[in-house]
Structure formats: structure tokens, C-alpha cells
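Under the numbering used here, think of the first position of the sequence shown as 7, with each following residue one higher.
Yeah, the Cβ is synthetic: ideal placement off N, Cα and C, and Gly gets one too.
The structure presented is a predicted model; accordingly, all values stated were derived computationally and were not measured.
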Amino acid sequence: YTSAEFAIQEFYEEPPTKKRIRIEPKCIHGIIERKCSICHPDRAKIIKDNYHRKRYGLEPEQYIELIKKQSYQCGCCKTPIKPYTNTTNIDHIHIKGYENLTAEAKRKHVRGVLCVNCNTGIGKLGDTLEGVMNAVRYLS
Numbered sequence: 007y008t009s010a011e012f013a014i015q016e017f018y019e020e021p022p023t024k025k026r027i028r029i030e031p032k033c034i035h036g037i038i039e040r041k042c043s044i045c046h047p048d049r050a051k052i053i054k055d056n057y058h059r060k061r062y063g064l065e066p067e068q069y070i071e072l073i074k075k076q077s078y079q080c081g082c083c084k085t086p087i088k089p090y091t092n093t094t095n096i097d098h099i100h101i102k103g104y105e106n107l108t109a110e111a112k113r114k115h116v117r118g119v120l121c122v123n124c125n126t127g128i129g130k131l132g133d134t135l136e137g138v139m140n141a142v143r144y145l146s
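Structure below.
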């Protein structure tokens, strides 16, 4: 080998450098302390509030008000729903450029709160009245 060829071979045979692993303390439940929902029961609510604010332009009070207006029921099937759970979804009108809208404009596109099953079903039907009507005709 020439010195250049040897340097190239040596470079490619060198093992990759190890990444630094951040060791985080665990709580008494065996979970990373800052992520434990048992030690920090309000953590999930704070995360959801921030998500609703960023994604839908909804403040926590507006989110609760939306659920109260629907009598704590899914807007579609009337199944009881609880705020701040993984089985509750905010339904909104899908438009191009939604992410770039202001918080106020995003709020205007919110239709209501649905259970995860209805939200998924409506999404699978194309999020359109035509898709839902096709399903109704099929079932009739």
C-alpha cells in the first residue's frame, strides 16, 4: 500500500466512536424519575396542555369547556369521555397549511372532541361527508 491507501484503509477499519449515554436517576417505581407519571401525576396534563395549545390553539380552559359543551360525551357516538386521556381526541378540519395558522385560526377549525374509535373511523373514511355517506349506503 501507498501511504494514502494505508491511511484510507486505516480510516475505514477504525471502529465507530461510542456515543455518550446519559444516565438518569430512576424513581422508586423503576422508571426514569422525570418521566414517572406516578411520581408526577400532573405531568401528563401539562404535556397535553402544551400539545393542545401548539396543535389546536386551545388553552386548558377552552379544552375543558369544549368537553363540557358535549356533556363529557364523544361528539359522534356519545360514549363517555374523560379529559386528558389517550382515548380522547380533538377533531379538527384538515386543511393545507394548518400547521402555519395562528392559534386563533386553528381554534376555528376545531369541530369537537371524539373518542379514539370515532376519530379513527372518520379519518379512515377520508374525513369527508362523502366517505361517511358511502359507508351508510354500504351498510343499508
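Query raised in the report: Which class does Ile38 belong to by DSSP, given the choice of helix, strand or coil?
Result: Counting from one through the sequence shown, the residue named residue 38 turns up at place 32. Strand, per DSSP.
Requested in this report: Spatial neighbours of Lys112 within its chain, please: CB distance less than 6 Å, with the 5 preceding and 5 following residues excluded, ordered by chain position.
Outcome: Translated into positions along the sequence shown, residue 112 becomes position 106. Only Tyr62 and Gly63 meet the Cβ criterion.
**Report entry** Residues near Gly127 in its chain [Cβ-Cβ closer than 6 Å; skip 5 each side]
**Finding:** Taking the sequence shown and counting its residues from 1, the one referred to as residue 127 is at position 121. The answer is none, since no qualifying residue turns up.
Query raised in the report: Skipping 5 residues on each side, what residues in its chain have a beta carbon closer than 7 Å to that of Tyr90?
Result: To locate residue 90, count along the sequence shown from 1; it is residue 84. Within the same chain, Ala50, Lys51 and Lys54 come within 7 Å of Tyr90 by CB-CB distance, once the 5 residues on both sides are set aside.
Query raised in the report: Alpha carbon to alpha carbon, what distance is there between Gly81 and Pro31?
Result: For the purposes of this step, residue 31 is taken as residue 25 along the sequence shown, with counting starting at 1. For the purposes of this step, residue 81 is taken as residue 75 along the sequence shown, with counting starting at 1. Counting only the Cα atoms, Gly81 lies some 42 Å from Pro31.
Query raised in the report: Run through DSSP, which three-state label would Leu6 get?
Result: Because the chain in this structure spans residues 7 to 146, residue 6 falls outside the shown range and cannot be described.
Requested in this report: In angstroms with no decimal places, state the Cα-to-Cα distance between Pro117 and His58.
Outcome: What you label residue 117 is simply residue 111 of the sequence shown in a count that begins at 1. What you label residue 58 is simply residue 52 of the sequence shown in a count that begins at 1. The question names Pro, but residue 117 in the sequence shown is Arg. Their Cα atoms are separated by approximately 14 Å.
Query raised in the report: According to the Cβ coordinates, are Val122 and Asn92 closer than 9 Å?
Result: Sequence index remark: in the sequence shown, residue 122 carries index 116 (1-based). Sequence index remark: in the sequence shown, residue 92 carries index 86 (1-based). At the C-beta level, Val122 and Asn92 come within 9 Å of one another.
**Report entry** Status (buried if at least 16 other CB within 10 Å, exposed otherwise) for Asp97
**Finding:** As a first step, residue 97 must be located in the sequence shown, where it is residue number 91. The residue is buried, with at least 16 neighbouring Cβ atoms inside 10 Å.
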